[in-house]
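One structure is given below, encoded as structure tokens.
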Amino acid sequence: MHVDPAVLRTAAAEAHRLADELPRLTDAIAITGHEAAAACPGFATATALAEVTAAWQGRLAAVGETFARTAQALAGTADRDSAADGHAAAAFDAAAR
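Written out as structure tokens, the structure reads:
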């Protein structure tokens, strides 16, 4: 299956943007989790909120890494497809002469 390299580059850029956005989301979750834990009257509830916050931070970090790898893979595929298209066009031109 062949996909237009421009479409792959657009998808790579979007995946990269999402990977860049996730650390800010992770920071916002950490701040909110800490504020919620500080407002809790019980130690057990505050501890549970801290654990949930840490778990979400870990999940978002993993997702960010996945988006970054996906962006790299899409960009690499776009480069390979562009090169293949160029070779095919050159071969077609040569055969047409």
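Residues in the sequence shown are numbered from 0 upward in steps of one, following numbering that gives the first Met the number 0.
For every residue, glycine included, the Cβ atom is placed at its ideal position computed from N, Cα and C.
query	result
CA-CA distance, alanine 67 and alanine 14?	7 Å
For the putative contact between alanine 10 and leucine 73, defined by C-beta atoms under 8 Å, what is the C-beta separation to the nearest angstrom?	5 Å
Can you tell me whether leucine 75 is helix, strand or coil according to DSSP?	Residue identity check: residue 75 is glycine in the sequence provided, not leucine. Helix.
Using a 10 Å radius around the Cβ and a threshold of 16 neighbouring Cβ atoms, would you call proline 4 buried or exposed?	buried
Less than 9 Å separating the beta-carbons of alanine 29 and threonine 52?	yes
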